Amino acid sequence: MKQVKLKSGKKVKVKPLTPKKALQLRKKINVNVFTRPLYEWDLDQIEALLRECIVDADDETIDAILEDWDDFVKVLETIFPQIPSFRPRGRPTSRGNR
557 MKQVKLKSGK
567 KVKVKPLTPK
577 KALQLRKKIN
587 VNVFTRPLYE
597 WDLDQIEALL
607 RECIVDADDE
617 TIDAILEDWD
627 DFVKVLETIF
637 PQIPSFRPRG
647 RPTSRGNR
């Protein structure tokens, strides 16, 4: 669990997403965290992701995060850590890593 400081000065605790948690979330909000890019998600799906990963998340906190781009990016970078299980397997091909 990591703390992220928002621009308002408020600190929120964020739980990074584990692969197991991502699969549970996939069933809950009907979006595949691994393959679906974030820009294709609906707002309510993004809110559900934030509710799931932020400890003691209330509407005020989530609205503040969604309104400020820097806060949003900071929280997302904490939620999606660069861990090997999130990276595609196999050798890089000429068409990118698939």
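Sequential numbering from 557 applies to the sequence shown in the working numbering. Virtual Cβ for every residue (Gly too), placed ideally from N, Cα, C. No experiment lies behind these values; they were computed from the predicted model shown.
Distances from the CA of GLU633 to each of ASP615, PRO572, PHE590 and LYS577 were compared; the closest alpha carbon is that of PRO572. Listed in chain order, the non-local C-beta contacts of GLU608 below 7 angstroms within the same chain comprise LEU581, local neighbours out to five positions each way being set aside.
Proximity to LYS569 across ASP612, ASP626 and LEU605 peaks at ASP612, based on C-alpha coordinates. Nearest in C-alpha terms to LYS576, of all of ILE610, GLU596, ASP624 and PHE590, is PHE590.
Judged by their CB atoms, ILE618 and VAL631 are not nearer to each other than the 7 angstroms cut-off.
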